[in-house]
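Note that the sequence shown covers residues 5 to 282 in the working numbering. Some notes on the structure that comes next.
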Amino acid sequence: MAARVLMCPPDHYGIEYEINPWMNRSLGAGREHAFTQWRALRDTLLSLGAAVEELTPRPGLPDLVFTANAGLVFGKRFLSSRFRHEVRARESPVFDEWFAAHGFTVEHLPEGMYHEGAGDALFCGDTLFAGYRTRSAAAAHQWVGQALGVRVLPVELVDPRFYHLDTCFCPLAPSEALYFPGAFDDYGRKVLAAHVPKLIPVGEADAVRFGCNAVVVGRTVVHNSRCPELGAALRAAGYEPVEVELDEFLKAGGSAKCLTLRLDGEEAAGWKQRAAGS
5 MAARVLMCPP
15 DHYGIEYEIN
25 PWMNRSLGAG
35 REHAFTQWRA
45 LRDTLLSLGA
55 AVEELTPRPG
65 LPDLVFTANA
75 GLVFGKRFLS
85 SRFRHEVRAR
95 ESPVFDEWFA
105 AHGFTVEHLP
115 EGMYHEGAGD
125 ALFCGDTLFA
135 GYRTRSAAAA
145 HQWVGQALGV
155 RVLPVELVDP
165 RFYHLDTCFC
175 PLAPSEALYF
185 PGAFDDYGRK
195 VLAAHVPKLI
205 PVGEADAVRF
215 GCNAVVVGRT
225 VVHNSRCPEL
235 GAALRAAGYE
245 PVEVELDEFL
255 KAGGSAKCLT
265 LRLDGEEAAG
275 WKQRAAGS
């Protein structure tokens, strides 16, 4: 089963507000460099056999490029995000329209339940690991678990630099994942260790370059550039690391994973289907 990914060109990308520690309006982002880096990521995924679908960018929505935060895809169901910040909540009608037009059933969480999609909810095997504190709420994750009929394990994110789970945790296979230990409290680290048989720790130098914010296509892991220790660890674990420079997006607190939303296979059912077909 080929990977299917939703991306959004960075026509209107920029640092227009500050809602995480990485954003600084005075620094801004280079539009030309952003386009070059975005295209390099897209072309890399295409070269790996992934099908890339593109969402039409909209003026006034600079973070629409970060499609991972649109919501959570589970089969043909799309659980639309409820963003904590109003500047990002304006993205939801655009995402909802796209998913409805492409055959997904669009569902919404109750009012007041903040949940930022695949940025904070990642399957590793049958378990949905859920980051909470900064952007998403533990109660929202439990609601999602009941709605989907899956086990949810909330883990608290304690370092504000790693405000979404996908910035510090990356499932590689049903029993294997990358993670930055410093992003979690002691309890969270124990939860991960107890339920993910093989955890590959990422050092802080590579973590702050969002090395964990990677896209996995088979045994290939696409991540931001200049993460040498991460690359060595992936090779030792039998994966092929591919670096793509994404520093213009790091300025907004995003990297490869943030720029993509898997339309298939991000949920446990997708892994089961692939395993059955192999």
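Heads up, the beta-carbon is just placed ideally off N, CA and C, and yes, glycines get one too. Every value quoted in this text rests on a predicted model; they were computed, and no experiment measured them.
Item	Value
Tell me which same chain residues have a C-beta within less than 6 Å of the C-beta of Ala7, skipping the five on either side of it?	Ala54 and Val221
Taking 7 Å as the cut-off, is the beta-carbon of Pro205 closer than that to any non-hydrogen atom of the ligand FMN?	Among the components of this structure there are no ligands whatsoever, and the ligand FMN is therefore not found.
Which of helix, strand or coil does DSSP assign to Glu120?	coil
Relative to the alpha-carbon of Ser2, which residue among Gly186, Leu126 and Asp210 has its alpha-carbon at the smallest distance?	Limits of the chain in this structure are 5 at one end and 282 at the other, which puts residue 2 out of reach.
Could you tell me the distance, in whole angstroms, from the CA atom of Gly123 to the CA atom of Val77?	12 Å
Can you grab the Cα-Cα spacing for the pair Pro164 / Ala187, in whole Å?	8 Å
Which first and last residues belong to the alpha helix (DSSP H) in which His199 is found?	Asp190 to His199
Can you grab the Cα-Cα spacing for the pair Glu160 / Met117, in whole Å?	16 Å
Do His145 and His119 have their beta-carbon atoms positioned less than 8 Å apart in this structure?	yes
Can you check the stretch 185–267 for any beta strand (DSSP E) of at least 3 residues that lies completely inside it and give the ranges in chain order?	202–205, 219–221, 224–228 and 244–248
Determine the extent of the alpha helix (DSSP H) in which Thr40 is found, giving its start and end residues.	Arg35 to Ser51
Nearest CA to the CA of Ile19: which residue from Tyr183, Gly215 and Asp67?	Asp67
Just curious, the beta strand (DSSP E) that Arg81 is in, first and last residue?	Arg81 to Ser84
With DSSP collapsed to three states, give me the class of Val110.	strand
Give a yes or no on contact between the stretch 224–236 and the stretch 45–52, applying the rule of three or more CB pairs nearer than 8 Å.	yes
From His16 to Ala198, what distance separates their C-alpha atoms?	42 Å
What does DSSP give as the partner residues of Ala125 in its beta bridges?	Ala134
Less than 8 Å between the C-beta atoms of Pro61 and Pro13, yes or no?	yes
As a quick exercise: from Phe87, Ala105, Thr131 and Gly32, pick the residue whose alpha carbon is nearest that of His112.	Phe87
Indicate whether Asn217 and Ala260 have their beta-carbon atoms separated by less than 8 Å.	yes
Are there 16 or more other CB atoms within 10 angstroms of the CB of Leu182, so buried, or fewer, so exposed?	buried
How should Thr71 be labelled, buried or exposed, when 16 other C-beta atoms within 10 angstroms of its C-beta is the threshold for buried?	buried
Looking at C-alpha atoms only, which residue of Leu10, Met11, Ala33 and Gln41 is the closest neighbour of Ser229?	Gln41
Specify the secondary structure class of Gly149 as computed by DSSP and reduced to three states.	helix
Closest to Ser96 by C-alpha separation, out of Phe108, Leu65 and Lys80, would be which residue?	Leu65
Give every residue of the same chain whose Cβ lies closer than 8 Å to the Cβ of Met27, excluding the five residues on either side of it in the sequence, and list them in chain order.	Ile19, Tyr21, Lys255, Ala256 and Gly257
May I have the straight-line CA-CA distance separating Lys194 from Thr131, to the nearest angstrom?	15 Å
At the level of alpha carbons, what is the spacing between Glu101 and Glu252?	28 Å
Put Leu56 into one of helix, strand or coil per three-state DSSP.	Here the sequence assigns Val to residue 56, which means Leu is not the residue at that position. Three-state result, Val56: strand.
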